[in-house]
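Residue numbers (the numbering used here): 2 to 305.
Structure follows, in structure tokens:
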């Protein structure tokens, strides 16, 4: 039902019914890129020819950086937030009794309202704090005995330092037991500093404005478990070939939830250190996505 994908498949000389195995998928399904979506929508705004449902079915629309318009039906939105809620519950242990201060932006992108919906589906109570107003976040965290933050890591560092300036010890005076953070390339030193400030369990999360949240770290670390209903590949961004198991490269992803505008074999542009395929003590069979290194083109090559 998507003219965009119909054309892509025709140009690649492949019919959807020919895709019966993962090997078929890898060999025949064409890649798409952020630049391609931007160009397509720019020529025929707002959706280009990517919309696969009647506009009357749309319930949520986001404006992702690019810009890219990301539409959802009610069912799309519900399924995607259910996936995230499952991860937050099973991997981060968020649930009834938790009070989570959600500090990301609530406007334009899915990180705000989408994560809010997912957090509430775990049974947790959510404070829609949003960005800025650092003193208010600290004051409310103390007053309401907030048990967790959902935030960008640099804002968490800023908030921790500001709490100290306000005479509040983040470990002794707050009740933070867990932190879900993501959205930025963050150093090991920064993570160590977060641990020193809050003394809370840290769970890194990975997502994109186009795909939503797709991976989350469990208590045992070692990377972020990839959520159900996604296919992940790691490729060499120069050759598009799969890298050997465990090696780093560009993340390519497909999701199988959305009807309004599916994202199929999407080259995210994000570089990772690779996939951790070792069994995890938490029991999840999902591979773990290793550290995000930056964007394609941002990574210098030194002696190969």
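Glycine included, C-beta positions come from ideal geometry on N, C-alpha and C.
Can you give me the C-alpha to C-alpha distance between residue i and residue j, rounded to a whole angstrom?
{"i": "residue 294", "j": "residue 4", "result": "35 Å"}
{"i": "residue 18", "j": "residue 29", "result": "11 Å"}
{"i": "residue 284", "j": "residue 226", "result": "11 Å"}
{"i": "residue 305", "j": "residue 43", "result": "Since pLDDT at residue 305 reaches only 44, below the 50 mark, its modelled position is unreliable, and the value read off the structure follows with that caveat. Their Cα atoms are separated by approximately 37 Å."}
{"i": "residue 173", "j": "residue 137", "result": "18 Å"}
{"i": "residue 74", "j": "residue 288", "result": "29 Å"}
{"i": "residue 168", "j": "residue 142", "result": "14 Å"}
{"i": "residue 297", "j": "residue 67", "result": "16 Å"}
{"i": "residue 35", "j": "residue 96", "result": "35 Å"}
{"i": "residue 41", "j": "residue 71", "result": "13 Å"}
{"i": "residue 166", "j": "residue 140", "result": "12 Å"}
{"i": "residue 188", "j": "residue 2", "result": "43 Å"}
{"i": "residue 256", "j": "residue 45", "result": "24 Å"}
{"i": "residue 112", "j": "residue 215", "result": "12 Å"}
{"i": "residue 197", "j": "residue 179", "result": "13 Å"}
{"i": "residue 133", "j": "residue 199", "result": "19 Å"}
{"i": "residue 37", "j": "residue 156", "result": "32 Å"}
{"i": "residue 222", "j": "residue 20", "result": "35 Å"}
{"i": "residue 8", "j": "residue 52", "result": "13 Å"}
{"i": "residue 279", "j": "residue 121", "result": "32 Å"}
{"i": "residue 191", "j": "residue 114", "result": "27 Å"}
{"i": "residue 50", "j": "residue 69", "result": "13 Å"}
{"i": "residue 208", "j": "residue 6", "result": "23 Å"}
{"i": "residue 281", "j": "residue 218", "result": "11 Å"}
{"i": "residue 237", "j": "residue 175", "result": "44 Å"}
{"i": "residue 39", "j": "residue 292", "result": "27 Å"}
{"i": "residue 347", "j": "residue 158", "result": "Absent from the structure is residue 347, since the part of the chain shown begins at 2 and ends at 305."}
{"i": "residue 64", "j": "residue 47", "result": "10 Å"}
{"i": "residue 90", "j": "residue 181", "result": "12 Å"}
Measuring alpha carbon to alpha carbon, tell me which residue in the options is nearest residue i.
{"i": "residue 93", "options": "58, 268, 220 and 33", "result": "220"}
{"i": "residue 76", "options": "205, 259 and 87", "result": "259"}
{"i": "residue 147", "options": "70, 118, 223 and 127", "result": "127"}
{"i": "residue 274", "options": "256, 234 and 257", "result": "234"}
{"i": "residue 32", "options": "135, 201 and 241", "result": "241"}
{"i": "residue 22", "options": "192, 232, 115 and 144", "result": "232"}
{"i": "residue 150", "options": "170, 162 and 202", "result": "202"}
{"i": "residue 131", "options": "122, 109 and 124", "result": "109"}
{"i": "residue 154", "options": "195, 212 and 38", "result": "195"}
{"i": "residue 163", "options": "124, 135 and 181", "result": "135"}
{"i": "residue 212", "options": "292, 218, 269 and 249", "result": "269"}
{"i": "residue 24", "options": "243, 104, 262 and 264", "result": "243"}
{"i": "residue 249", "options": "264, 277 and 266", "result": "277"}
{"i": "residue 183", "options": "254, 105 and 129", "result": "105"}
{"i": "residue 254", "options": "261, 210 and 61", "result": "210"}
{"i": "residue 88", "options": "261, 267, 27 and 206", "result": "206"}
{"i": "residue 61", "options": "265, 261 and 267", "result": "261"}
{"i": "residue 107", "options": "161, 265 and 129", "result": "129"}
{"i": "residue 177", "options": "186, 264 and 160", "result": "160"}
Here's the rule I'm using: 16 or more other beta-carbon atoms within 10 Å means buried, otherwise exposed. How should residue i be labelled?
{"i": "residue 271", "result": "buried"}
{"i": "residue 251", "result": "buried"}
{"i": "residue 245", "result": "exposed"}
{"i": "residue 286", "result": "exposed"}
{"i": "residue 145", "result": "exposed"}
{"i": "residue 117", "result": "buried"}
{"i": "residue 124", "result": "exposed"}
{"i": "residue 171", "result": "buried"}
{"i": "residue 84", "result": "buried"}
{"i": "residue 81", "result": "buried"}
{"i": "residue 290", "result": "buried"}
Just grab the DSSP bridge partners of residue i for me.
{"i": "residue 268", "result": "34 and 253"}
{"i": "residue 72", "result": "62"}
{"i": "residue 277", "result": "289"}
{"i": "residue 152", "result": "182"}
{"i": "residue 137", "result": "According to DSSP, which records beta bridges pairwise, residue 137 is partnered with nothing at all."}
{"i": "residue 331", "result": "Outside the shown range of the chain (2 to 305) lies residue 331, about which nothing can therefore be said."}
{"i": "residue 203", "result": "180"}
{"i": "residue 235", "result": "252"}
{"i": "residue 295", "result": "272"}
{"i": "residue 159", "result": "DSSP output for residue 159 lists no bridge partner at all."}
{"i": "residue 127", "result": "101"}
{"i": "residue 227", "result": "216"}
Report yes or no: is there a C-beta of chain B within less than 8 Å of the C-beta of residue i?
{"i": "residue 141", "result": "Protein chain content of the structure displayed is limited to a single chain, and chain B is not contained in it."}
Checklist entry - Does the stretch 12–19 touch the stretch 38–58, meaning 3 or more C-beta pairs lie closer than 8 Å? => result no
Checklist entry - Taking one C-beta from the stretch 227–243 and one from the stretch 95–110 each time, how about it: are there three or more such pairs within less than 8 Å? => result no
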